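Just below is one structure, and these are the notes that go with it.
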Amino acid sequence: MRHPQFDILTRWLKTHPGPFSFREEGDDLVVLEAYSGKTLTLRGTSVQAVEERANNVQAGETYVIVLFASGRQVVFSAQGFAFPPDFSSTGPLTLPNQVYCMQDYHHLVNRLRHVAAEAERGREALEIIMVLIALLDGAKAVGLDVDAETQAVESILATLE
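For the sequence shown, position 48 matches number 48 in the working numbering, and the numbering has no gaps at all.
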């Protein structure tokens with residue numbers, strides 16, 4: 001059964017066509033993020049709530065939070081899909097933000113490539129890798145396919161070993 005609160009999200013997506021496109025497939029909503037090319041399928045049976053909120057950083061802007069029955073959440077924002085990091089593989093990390101997006105991943109992986117090229121910065125490279133693992137685990141937890149990104153990080157890690 002199509003989740004009754006999907007209307008909140010589809011209305012937001014229609015008024016913010018830049019970051020996303022979407023289609024309905026039966027009771028599911030399939031959303032494509034333009035920046036990363038990532039697709040997220042929202043199944044009506046797995047969604048607990050959908051809520052639009054005011055963006056405190058960008059006046060007049062809003063974002064939408066989808067809360068899954070599992071307790072996980074994904075945010076639909078002008079930056080694309082945003083999600084909390086998952087620290088199950090890394091242990092707790094001190095990070096400046098509660099949610100991150102694939103643009104953050106790309107920024108960090110590019111920084112990692114630069115840092116990893118300098119042997120004396122190995123510790124810094126490992127710290128960045130820990131953050132990347134938490135971000136990718138968070139993306140995976142909300143249903144994004146991040147296999148290629150995970151392989152990229154593993155490849156850089158292999159050069160450090």
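Where a beta carbon is used, it is the ideal one built from N, C-alpha and C, also for glycine. Predicted, not measured: the structure shown is a model, and the values here were computed from it.
Beta bridge counterpart(s) of residue i as assigned by DSSP
i	result
I65	E51, V75
V146	None; V146 has no bridge partner.
S21	L32
L42	L29
Y100	F83
C-beta atoms of residue i and residue j nearer than 8 angstroms
i	j	result
T41	D28	yes
V131	L108	yes
E52	I8	yes
P85	Y105	no
Y63	N56	no
L32	F81	no
Inter-residue CB distance, residue i and residue j (contact presumed, cutoff 8 angstroms)
i	j	result
Y35	Q98	So it is not a contact: roughly 20 angstroms between Cβ atoms.
F83	G138	5 angstroms
P19	A78	6 angstroms
F87	A134	5 angstroms
V74	V142	4 angstroms
Inter-residue Cα distance where the pair is residue i and residue j
i	j	result
R43	A119	46 angstroms
T150	I128	13 angstroms
E25	T10	13 angstroms
N110	A125	11 angstroms
S155	R72	29 angstroms
V50	R113	37 angstroms
V153	V115	13 angstroms
T94	L136	16 angstroms
E161	V146	23 angstroms
V66	P92	24 angstroms
P96	R2	36 angstroms
DSSP-derived helix/strand/coil call for residue i
i	result
T10	helix
G37	coil
R121	helix
V153	helix
V115	helix
G138	helix
V57	coil
L93	coil
H106	helix
E127	helix
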